[in-house]
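Counting with mature numbering (1 follows the signal peptide of the UniProt record, and there is no 0), you get residues -19 to -1, 1 to 307 for the letters of the sequence shown.
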Amino acid sequence: MKVTASVFLAFMAISGVISGPLQKRAEVTTTTTETTFTTVTVDGPSETPTEAQTTAESETETEVETIAETTEGPAVTLTTELDTTTEEPDVPEETTDSTTESTEDTSEVETPSTSSTESSSDTTEETTPEETTQEATTTDTDSPSTSSGDSSDPVVSAALQHHNIHRANHSSADVTWDSDIAGYAAITAATCTFAHDTETGGGGYGQNIAMWASSDDVQATGKGVFIGRTITEMWYNGEINLFPSADYGMDTPDMSNFHAWGHYSQVIWADTTAVGCAVQYCEPGTMVDGMGAYYSVCNYSPAGNMGGGYADNVLPPQGLATYNAD
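In structure tokens, the structure reads:
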């Protein structure tokens, strides 16, 4: 009998414009939900165990994976760019009239509901979208992939393919690869710390992050496959049905459940024209005790999830054929 464990984390952050007669205010709400899944695989037909087998089996140490899902509530600021992480974010002064949104530890990261693909031995994590009101402007042994724009790189090709096929279903133009923000994503991923960072390189971009840890060898799954599953299965397929259908066409939809669909809205955000992603392998113990992990970061420019901009940027699906990652 084989018992395998895997861990999934996701976070999302949001900042929006709140106008009050007397003051500006900011608040961050953090909730944590933990769910444990155990996958059992039995090889061969079942039969009554002998006493010796029963004794041997009881002495067998089992590995149990815990799937920890963390949801970080949106942070709200007035005309500022807000980066929400596991700590209270810094709130820089606004230098432009629109803010960038980073999908940090939110959804799956702050964490929207996890939309993850899971095999018998592992699960993937969803990252968190972050909404802003500004204009978009280590502990590891493996270098992240990738900051270059080489279309032959599996992370580049998978990230563009999986973003653009879903964007087309919402009448949004294709995004192109931005090596600069991909480089910033690589810097963030190389820390092997599951937290948003939308300040590297001067900031001004949105961000989604995701992490997948397993007691099995995560590197047996290619980085391109992992980023594709993250975009399609977690951020798109896992969240599209959580966006209220009645809210399409609204400048500001009901934000009470933003953590559940904020990655989806960033993926298809019409005004976003460029993306840059990186995937980092993190050694066992750096992100999860006893487990190796893949950590993915995608940065978006201009940032999505801008307060008051949903009607023009999050359009209803057109019913075009899409696909699953596997």
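Quick reminder that beta carbons are idealized off the backbone N, C-alpha and C, glycines included. This structure is a prediction, so every number in the text was calculated from the model and none was measured.
Short Cβ contact (8 Å threshold) for residue i with residue j
{"i": "Gly219", "j": "His143", "result": "no"}
{"i": "Asn286", "j": "Gln247", "result": "yes"}
{"i": "Pro283", "j": "Asn150", "result": "no"}
{"i": "Asp232", "j": "Tyr165", "result": "no"}
{"i": "Val256", "j": "Ala140", "result": "yes"}
{"i": "Cys258", "j": "Ala194", "result": "no"}
{"i": "Asn145", "j": "Asp159", "result": "no"}
{"i": "Val269", "j": "Phe207", "result": "no"}
{"i": "Ile168", "j": "Thr181", "result": "yes"}
{"i": "Gly212", "j": "Arg148", "result": "The sequence given here places Ile at residue 212; Gly does not occur at that position. Against a cut-off of 8 Å, the Cβ pair of Arg148 and Ile212 comes out as no contact."}
{"i": "Tyr245", "j": "Tyr262", "result": "no"}
Helix, strand or coil at residue i [DSSP, three-state]
{"i": "Gly243", "result": "helix"}
{"i": "Thr213", "result": "helix"}
{"i": "Ala154", "result": "coil"}
{"i": "Val260", "result": "strand"}
{"i": "Val269", "result": "strand"}
{"i": "Ala274", "result": "strand"}
{"i": "Ser282", "result": "strand"}
{"i": "Ser97", "result": "Only weak support exists for where Ser97 lies, its pLDDT of 32 falling under 50; the coordinates are left without a value."}
{"i": "Ala302", "result": "coil"}
{"i": "Ala255", "result": "strand"}
{"i": "Thr108", "result": "Low confidence applies here, because Thr108 scores a pLDDT of 47, under 50, leaving its location unreliable; read the following figure in that light. In the structure shown, Thr108 sits in coil (DSSP, three-state: anything other than H, G, I, E or B)."}
{"i": "Gly289", "result": "coil"}
{"i": "Val137", "result": "helix"}
{"i": "Gly230", "result": "coil"}
{"i": "Asp161", "result": "helix"}
{"i": "Val295", "result": "coil"}
{"i": "Ser132", "result": "coil"}
Beta-carbon separation (whole angstroms), residue i vs residue j, contact threshold 8 Å
{"i": "Gly187", "j": "Asn280", "result": "7 Å"}
{"i": "Val136", "j": "Gly205", "result": "5 Å"}
{"i": "Thr254", "j": "Thr157", "result": "7 Å"}
{"i": "Ser133", "j": "Ala251", "result": "With a Cβ gap of about 29 Å, Ser133 and Ala251 do not count as contacting."}
Contact with chain B by residue i, beta-carbon distance below 8 Å
{"i": "Met192", "result": "Going by chain labels, chain B is absent from the structure shown, which holds only one protein chain."}
Sufficient close CB pairs (3 or more, under 8 Å) joining the stretch 270 to 285 to the stretch 164 to 174: Counting Cβ pairs under 8 Å, three or more are found: they touch.
Inter-stretch contact at 8 Å, needing at least 3 Cβ pairs: the stretch 188 to 199 / the stretch 219 to 229: no
Segments assigned beta strand (DSSP E), at least 3 residues, entirely inside the stretch 173 to 228: 187 to 195
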